[in-house]
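Mapping the sequence shown onto our numbering, position 109 (from 1) lands on 152, and the numbers just tick up by one.
All residues carry an ideal CB built from backbone N, CA and C; glycine is no exception.
Fair warning: this is a prediction, and the values are worked out from it, not measured in the lab.
Working notes, beginning with the structure itself.
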Amino acid sequence: MLNVHNLTVSFAGSNLFSGITFKLNKGDRIGLIGKNGAGKSTLLKVISKDIESTSGTMAFDKEVRIGFLRQDIDFVEGRTILEEAYMAFEEIKKLEARLDKINHELVERTDYESEYYHDLMVDLNECTHRYELLGGYNYKGNTEKILQGLGFQREDFDKLTNTFSGGWRMRIELAKLLLQNNDILLLDEPTNHLDIESIIWLETFLKNYSGAIMLVSHDKMFLDNITNRTIEISLGKIYDYKKPYSQFLLLRGEIKEKQLQAQKNQEKEIKATQILIDKFRAKANKASMAQSLIKKLDKVERIEVDTDDNAVMNVRFQVSKDPGKIVIEAENLSKSYGDKHVLENVNLLIERNSKIAFVGQNGQGKSTLAKIIVGEIAHGGHLKLGHNVEIGYFAQNQSEYLEPEKTVLEIMEDASTDSNRVRVRDMLGAFLFGGDAVDKKAKMLSGGERNRLALCKLLLSPFNVLIMDEPTNHLDIASKNVLKSALKKFNGTLILVSHDRDFLQGLATTVYGFKDKEIKEYLGDIDYFLEQHQIESLREAEKKTVVEKKKNKNSKKEAFKSSKVGEKELKKLKNKLTKIESQIDTLEKEISEMDIALAEDYETASTNPNFFEDYKTKKNTVEKLMEEWTLLEEKMELN
């Protein structure tokens, strides 16, 4: 499907990566990994032809279709969610407009024997056939199914896209991409704005995808569940293994150990040969042997060990002072945005040193509650912070508050105090902003670099309660591991809002599930929550099925008692329905035969003076029968 050869991309005279070569085949699910700034997103942009490479070639199969989920998306305002999602079906929408125009003309015109009318009929046949091939009769249902899978509710479908946050708009773009019949999917951090349920749904969808996938993700569990191949970009080179992420790490380690051993053995041989050369040089009769050994040594290809970029940030969260036993107490807490009620009658008691995770679908109030606790937004009910509580808060969009025109150093110095200003450069170094990197403007930083800077800035203020809303977005896997390790060692109270299952494992001992304006406490880790949540979902589904069956049964009984239709009438309705279905089937076959006759031999077909009138009559009869069939179906449902 794609052959990449000797690809090089340079910025400002230095290579981001150089001479990389790989093939992308059908069925490949590649996890593209590497540190922030290694060039992962850039490689996707080159493959999608958003940007050009400095050198190298790319060869694509003929008519290959590429879909690319970018991190930054622009939407045309004024469209509803459904309208925007339907933009994925550009050709189908054009065909719909064309078919509507043709049908309108056919109704208006009476020149059945004219050449123009014949051309319209041929065009109608071709357009209808193409419409069916593209799935024109199914695309609306598929669209709704995928939107719901990604967390949208039916009542959201007719709302304007600009009333939703960037994360939700990213989901719309992802839905459009999944609806298109692409051969290659390029996904740049697709899970960043998805909740756990939507991530699990996306995993299932991608597992069944028949084309090739190349995705950038820092979610280890997602990578392991989806990918069958891993390409790592490190220090300008790539390492390509046909294994998912965790297996890749083990294999990469084993290969490196073998390389080191082979290198040691080779160095021993070279050293021994060099000793012989030095020994033979001293003797005139052995000089030719010395020269022969030198030539042999020159031809030896030195074994190289794969180099790793092992630089990681150094994070340490210290508790400012000991707070009281109860750090946060909430009673009858509520929050509404206009008519939308997000939280209602929430009661909460959080004790010192608790490790808590807020989880649930987007829009259920997790970030809202975090903002209420830190005093960022107004609310109903009562909230009380405990004695000596000092809160450190990392907002989901924390990096957006970094002034774009200021340098890394200026941002830190502005946030520092007299007591910690002297430590600013050391702190930046610990977060991998060393040397000239401190002079980079915020607008030039990658998403991961901006998050690292926001984390560094957080440490300038003392705290004993740490609230973090999606802290891992854009962070590379190495940085996430360092952050997780630091949070494990944090002796204060921790509240995490996150959809990253792997990150939450081992961090939270209590999970608060947010659903339908309420919060439910689960006294266990994220795995326990997911297990219980699945059981509860199954029970809800079972209850719903039982209730619906009883409801339908009761409503049918009541309808039967209240009406005088009875079994005889029901039988009549069934017979009539069967008869109409048979009539429709016969007429549609006849119409189809007439379409074929027109397309194959217009002159012969048009010699019959009643041909076009008969054609139109049959079409109108089918429409009337369909209306009658619909009414009968509704009557059947009531009985």
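Asked: Might you give, ordered along the chain, the residues of its own chain that have their beta carbon closer than 7 Å to the beta carbon of residue 441, omitting 5 neighbours on each side?; Found: 497
Asked: Could you tell me whether the stretch 229-242 touches the stretch 131-146, using the rule of 3 or more Cβ pairs below 8 Å?; Found: no
Asked: Tell me where the alpha helix (DSSP H) around residue 467 begins and ends.; Found: 467-473
Asked: So, at 7 Å on beta carbons, what are the nonlocal neighbours of residue 489 in its own chain, with the 5 sequence-adjacent residues on each side left out?; Found: 79 and 80
Asked: Let me know the secondary structure DSSP gives residue 147 once reduced to three states.; Found: helix
Asked: Determine, using beta-carbon pairs with one atom in the stretch 416-426 and one in the stretch 448-455, whether at least three such pairs fall under 8 Å.; Found: no
Asked: Taking Cβ positions, are residue 256 and residue 221 nearer each other than 7 Å?; Found: no
Asked: Need the endpoints of the beta strand (DSSP E) that residue 272 sits in, please.; Found: 272-277
Asked: Which value, in whole angstroms, describes the spacing of the CA atoms of residue 55 and residue 88?; Found: 18 Å
Asked: Compare the C-alpha of residue 70 against each of 270, 195 and 434 and name the closest.; Found: 270
Asked: Grab the span of the alpha helix (DSSP H) containing residue 248 for me, first residue to last.; Found: 239-250
Asked: Counting C-beta neighbours from all protein chains within 10 Å, is the total for residue 683 16 or more, i.e. buried, or is it exposed?; Found: With the chain covering 44 to 682 only, the question about residue 683 has no answer from this structure.
Asked: Give, in chain order, every unbroken run of the beta strand (DSSP E) that is at least 3 residues long and sits entirely within the stretch 545-579.; Found: 553-558 and 561-565
Asked: Please report the distance separating the alpha-carbon of residue 534 from that of residue 305.; Found: 45 Å
Asked: Name the DSSP bridge partner or partners of residue 54?; Found: 57
Asked: Would you mind stating whether residue 276 and residue 408 have Cβ atoms separated by less than 7 Å?; Found: no
Asked: At which residues does the alpha helix (DSSP H) containing residue 329 begin and terminate?; Found: Unbroken run through residue 329: none, as it is neither H nor E.
Asked: Suppose the cutoff is 8 Å on Cβ atoms and the five residues either side in sequence are ignored; what does the same chain contact list for residue 364 look like?; Found: 431, 433, 505 and 507
Asked: When we look at the beta-carbon of residue 53 and count the other beta-carbons within 10 Å, is it buried (16 or more) or exposed?; Found: exposed
Asked: Please report how far the alpha carbon of residue 59 lies from the alpha carbon of residue 635, in whole angstroms.; Found: 60 Å
Asked: Roughly how many whole angstroms lie between the Cα atoms of residue 468 and residue 500?; Found: 12 Å
Asked: For residue 99, which of helix, strand or coil comes out of DSSP?; Found: strand
Asked: Measure the C-alpha to C-alpha separation of residue 663 and residue 146 and round it to an integer number of angstroms.; Found: 12 Å
Asked: Tell me, please, whether the stretch 393-402 touches the stretch 553-573 by the rule of three or more beta-carbon pairs shorter than 8 Å.; Found: yes
Asked: Please go through the same chain and pick out, in chain order, the residues whose beta-carbon is closer than 8 Å to the beta-carbon of residue 393, but skip the five residues on each side of it.; Found: 369, 370, 371, 372, 399, 536 and 538
Asked: Rounded to whole angstroms, what is the Cα-Cα separation between residue 162 and residue 651?; Found: 17 Å
Asked: Measuring straight from C-alpha to C-alpha, what distance separates residue 133 and residue 299?; Found: 49 Å
Asked: Bridge partners for residue 739 per DSSP, in chain order?; Found: Because the chain in this structure spans residues 44 to 682, residue 739 falls outside the shown range and cannot be described.
Asked: Inspect the beta-carbon positions of residue 438 and residue 503 and report whether they are closer than 7 Å.; Found: no
Asked: Output yes or no for whether 7 Å exceeds the beta carbon distance between residue 638 and residue 224.; Found: no
Asked: May I ask you to report which of helix, strand or coil DSSP gives residue 622?; Found: helix
Asked: Where do the N-terminal and C-terminal ends of the alpha helix (DSSP H) with residue 128 fall, by residue?; Found: 124-129
Asked: Taking 8 Å as the cut-off, does the stretch 232-245 touch the stretch 539-553 (at least 3 CB pairs, one atom from each stretch)?; Found: yes
Asked: Using only the alpha-carbon positions, how far apart do residue 185 and residue 199 sit?; Found: 16 Å
Asked: Going by CA-CA distance only, name the one from 630, 654, 655 and 653 that's closest to residue 666.; Found: 630
Asked: I think residue 128 touches residue 243, with their Cβ atoms under 8 Å apart; what is that distance to the nearest whole Å?; Found: Their Cβ separation, rounded to whole angstroms, is 21 Å, which puts residue 128 and residue 243 out of contact at 8 Å.
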